[in-house]
């Protein structure tokens, strides 16, 4: 007889993230697909962006009077910045995706449906072995509505923070007792977050899963099922049954790049299991990793997205634009030096050069600079920032320098800081759905049709172009070009003004990227031996010699002649 492993003798397992446990309170749903399902009705209401931003922000305790406190006290106050979280667009986008994943995943898992109950009688090993039929139903007749989501990006950019902040908005465990007069006793696990084992093994992941369940529910699944001779083939059906028994709403696996350390085929097996969990059992799975994970994720896991419209999410370092300016301005408010330093363009630029838009490095650099300034009773200057980075951040300097100079040799040594473009292209091609991009990578990869655009903005810009005389085909290309060449969070009015300028100064589709490069060759040929005199009022005067002018100059000429609207008039019109 195989001896069971005593969990208490091994160690006490500590969850990587622990949420709230609450009693079920049911809220009527306005969306038909969410009605009469206790798993969905027990969830909090769908959050609006303002609420999410207010809840996930983490600001230091700061008062202007604190700058008069003693040196050592102020140094301790600076330490608060290490926990600083400024809500950025990617935080809101992550929460929106998780909200939809959880609720949509529960749609096919109503505990009162006959198909859902039938799974327990059939057995989960049989269900997993049978997979799904052509219509997507498992052996019990349940058609999964779950989906997979990959969040990939540069280290230190807040992927894990965004996920954990969003998860903690939801209770982790909901205790059900009765639902609409029916006896219904169950502990529902809304979400669970695991770190991928360093060796990336399925067995290690399954064991961690059981330990995590025990830690949250007080059960003894680990002690009951894990013995010396236990195999992966035995653990996987157990894990699937427990996930169903406790209505697991979302499984999050962090550090998925660890799969790339396995021998050939190992990562594929783990991802196949995730896909099986999504498609057959109906549990949504979110995987998080650095750019190193792109290669392994472009395989079987891409088939788990199920065309739900969520798309994957790639978060790169911030580019030196509006979002960086907003972030650094908000961070700069928390300053405990005796001599206050106002943020200026020079410091903003230096901060970007020394951090290359990586949030974690920027925050640490600001802390180090403040400690140095407090100790020396000086102000924070660009010179001080460079000195601090050189002395205290030596390990990351070669990497940041490689990013700044776009040095292929240096970047190849640290492939989680910047994506391999060939691998990223392959990943996009294999993706079933469009992929959302945030940060620096967005400006390099918009050429691929798999990259998601902001559809609302895109439609508005297309409408604007058509209103000002562009054909539908030309309007679509102009809108795509404007979105691709501007900051993702740029004001819509400014984008529409740019669309109008392009429409008024372009002669065709080929002119969109640079409306002034093309030449009207047929007319030049006709007038080769004679020059054409243009009246001063002739519109063609505005674009004469346009190959030597830029679009802004042409636009100004048109405004000057009264043939189009100026920016103030455009703003009134397109509002």
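In the working numbering, the protein residues as written are 57 to 631. The beta-carbon is built from N, C-alpha and C at its ideal position, and this holds for glycine as well. Treat the numbers as computed from the prediction; the structure is a model and nothing was measured.
Which class does residue 242 belong to by DSSP, given the choice of helix, strand or coil?
Taking the first residue of the chain shown as position 1, residue 242 is located at position 186. Correct three-state label for residue 242: strand.
How long is the line joining the alpha carbons of residue 203 and residue 335, rounded to whole angstroms?
Your numbering for residue 203 matches position 147 in the chain shown. Your numbering for residue 335 matches position 279 in the chain shown. C-alpha separation (whole angstroms): 8 Å.
Leaving out five residues on either side along the sequence, give the residues of the same chain with a beta carbon under 7 Å from the beta carbon of residue 85.
Walking along the chain shown from the start, residue 85 turns up at place 29. Same-chain partners within the cutoff: 91, 96, 97.
Residue 199 to residue 295, Cα distance in whole Å?
In the chain shown, residue 199 corresponds to position 143, counting from 1. In the chain shown, residue 295 corresponds to position 239, counting from 1. Answer to the nearest angstrom: the Cα atoms are 19 Å apart.
From the DSSP output, read off the bridge partner residues of residue 214.
Here the question's residue 214 lines up with position 158 in the chain shown. According to DSSP, residue 214 bridges with nothing at all.
For residue 460, does the three-state DSSP call read helix, strand or coil?
Taking the chain shown and counting its residues from 1, one reaches residue 460 at position 404. Of the three classes helix, strand and coil, the one that applies to residue 460 here is helix, per DSSP.
When we look at the beta-carbon of residue 139 and count the other beta-carbons within 10 Å, is it buried (16 or more) or exposed?
In the chain shown, the residue the question calls residue 139 occupies position 83. Under this definition residue 139 is an exposed residue.
What first and last residue would you give for the alpha helix (DSSP H) that runs through residue 632?
An answer regarding residue 632 cannot be provided, because it is not within the stretch 57 to 631 covered by the chain.
Would you kindly work out how many angstroms separate the C-alpha atoms of residue 394 and residue 123, rounded to a whole number?
Here residue 394 refers to the residue found at position 338 of the chain shown. Here residue 123 refers to the residue found at position 67 of the chain shown. Distance between the alpha carbons of residue 394 and residue 123 is about 6 Å.
Using the three-state DSSP reduction, which class does residue 418 fall into: helix, strand or coil?
Sequence index remark: in the chain shown, residue 418 carries index 362 (1-based). Helix, per DSSP.
Quick one: what's got a C-beta closer than 7 Å to residue 181's C-beta in the same chain, skipping five residues either side?
On the chain shown, residue 181 is found 125 positions in, with the first residue counted as 1. Contacts found: 293.
Would you mind giving the Cβ-Cβ distance between residue 141 and residue 113, rounded to the nearest angstrom? I have them listed as a contact below 8 Å.
Position 85 of the chain shown, counting from 1, holds the residue named residue 141. Position 57 of the chain shown, counting from 1, holds the residue named residue 113. Yes, residue 141 and residue 113 are in contact; Cβ-Cβ is about 6 Å, under 8 Å.
Please state if the CB of residue 448 and the CB of residue 424 are separated by a distance shorter than 9 Å.
Along the chain shown, one-based indexing puts residue 424 at 368. Along the chain shown, one-based indexing puts residue 448 at 392. The answer is yes: Cβ separation under 9 Å.
Which ranges does the beta strand (DSSP E) cover as unbroken runs of at least 3 residues, wholly within the region 310–353, from first to last along the chain?
Correct list: 341–345.
Following the continuous alpha helix (DSSP H) through residue 260, name the residue where it begins and the one where it ends.
Here residue 260 corresponds to residue number 204 of the chain shown, with the count starting at 1. Note, residue 260: alpha helix (DSSP H), 258–273.
Flag this pair as touching only if the region 547–559 and the region 514–529 have three or more C-beta atom pairs under 8 Å; answer yes or no.
They touch, by the three-pair rule.
Assign residue 189 to one of three DSSP states: helix, strand, or coil.
Taking the first residue of the chain shown as 1, we reach residue 189 at position 133. Residue 189: coil per DSSP, three-state reduction.
I think residue 118 touches residue 422, with their Cβ atoms under 8 Å apart; what is that distance to the nearest whole Å?
Here residue 118 corresponds to residue number 62 of the chain shown, with the count starting at 1. Here residue 422 corresponds to residue number 366 of the chain shown, with the count starting at 1. In fact, because the Cβ distance is near 13 Å, the residues do not count as touching under 8 Å.
Going straight from the alpha carbon of residue 172 to that of residue 94, what length do you get?
Numbered from 1 along the chain shown, position 116 holds the residue referred to as residue 172. Numbered from 1 along the chain shown, position 38 holds the residue referred to as residue 94. The alpha-carbon atoms of residue 172 and residue 94 are separated by roughly 14 Å.
Between residue 234 and the rest of its own chain, which residues show a CB-CB distance below 6 Å, the 5 nearest in sequence each way excluded?
Within the chain shown, residue 234 is the residue found at index 178, counting from 1. Here the set comprises 240.
Note down the Cα distance separating residue 644 from residue 283, rounded to an integer number of angstroms.
The first residue shown for the chain is 57 and the last is 631, placing residue 644 beyond what the model contains.
Taking only three categories from DSSP, how would you classify residue 199?
As a position in the chain shown, residue 199 is number 143, starting the count at 1. DSSP places residue 199 in strand when its eight states are reduced to three.
Rounded to a whole number of angstroms, what is the C-alpha to C-alpha distance between residue 567 and residue 532?
On the chain shown, position 511 is the one that residue 567 refers to. On the chain shown, position 476 is the one that residue 532 refers to. Residue placement at residue 567 cannot be trusted, given a pLDDT of 44 that sits under 50; the coordinates are not used to answer.
Please work out which residues of its chain come closer than 6 Å, Cβ to Cβ, to residue 362, disregarding the five sequence neighbours upstream and downstream, and give them in chain order.
Working through the chain shown from its first residue, we reach residue 362 at position 306. Its pLDDT being 49, under 50, residue 362 is placed unreliably in this model, and the coordinates cannot settle the point.
Among the residues of its own chain, which have a CB less than 6 Å from the CB of residue 174, if the five just before and after it don't count?
If you number the chain shown from 1, residue 174 lands on position 118. Taken in chain order, the residues that qualify are 196.
Take the Cβ of residue 527 as the centre, count every other Cβ of all protein chains shown within 10 Å, and call the residue buried at 16 or more, exposed below.
Position 471 of the chain shown, counted from the start, is the residue given in the question as residue 527. Answer is exposed; the Cβ neighbour count stays below 16.
With distances taken Cα to Cα, identify the nearest neighbour of residue 189 among 430, 388, 332.
Along the chain shown, one-based indexing puts residue 189 at 133. Considering only alpha carbons, the answer is 332.
Nearest to residue 380 by alpha carbon, out of 120, 145, 80?
In the chain shown, the residue the question calls residue 380 occupies position 324. Residue 145 is the option with its Cα nearest to residue 380.
Pull up the distance between the alpha-carbon of residue 76 and that of residue 270, whole angstroms please.
Start at 1 with the first residue of the chain shown, and residue 76 comes out as number 20. Start at 1 with the first residue of the chain shown, and residue 270 comes out as number 214. When rounded, the distance between both Cα atoms is 15 Å.
Quick check on the burial criterion: 16 or more other C-beta atoms within 10 angstroms. Buried or exposed for residue 70?
For the purposes of this step, residue 70 is identified with residue 14 of the chain shown, where counting begins at 1. So residue 70 counts as exposed.
So is residue 134 buried or exposed if we call it buried at 16+ other beta carbons inside 10 Å?
Mapped onto the chain shown, residue 134 falls at position 78. When all chains shown are included, residue 134 counts as buried.
With a CB to CB cut of under 7 Å and the five nearest residues on each side skipped, what residues in its chain are close to residue 337?
Translated into the one-based positions of the chain shown, residue 337 becomes position 281. So the qualifying residues of the chain are 296, 299, 300.
Per the DSSP calculation, residue 114 is bridged to which residue(s)?
The residue labelled residue 114 in the question sits at position 58 within the chain shown. Residue 114 pairs with 141.
DSSP on residue 633, reduced to helix/strand/coil?
Here the chain covers residues 57 to 631 and nothing more, so residue 633 does not appear.
Output yes or no for whether 9 Å exceeds the beta carbon distance between residue 347 and residue 209.
Your numbering for residue 347 matches position 291 in the chain shown. Your numbering for residue 209 matches position 153 in the chain shown. It is a contact, given that the beta carbons lie within the stated cut-off.
Does the region 427–441 come into contact with the region 219–236, if we say contact requires no fewer than three beta-carbon pairs (one atom in each stretch) closer than 8 Å?
Contact fails: fewer than three Cβ-Cβ distances are below 8 Å.
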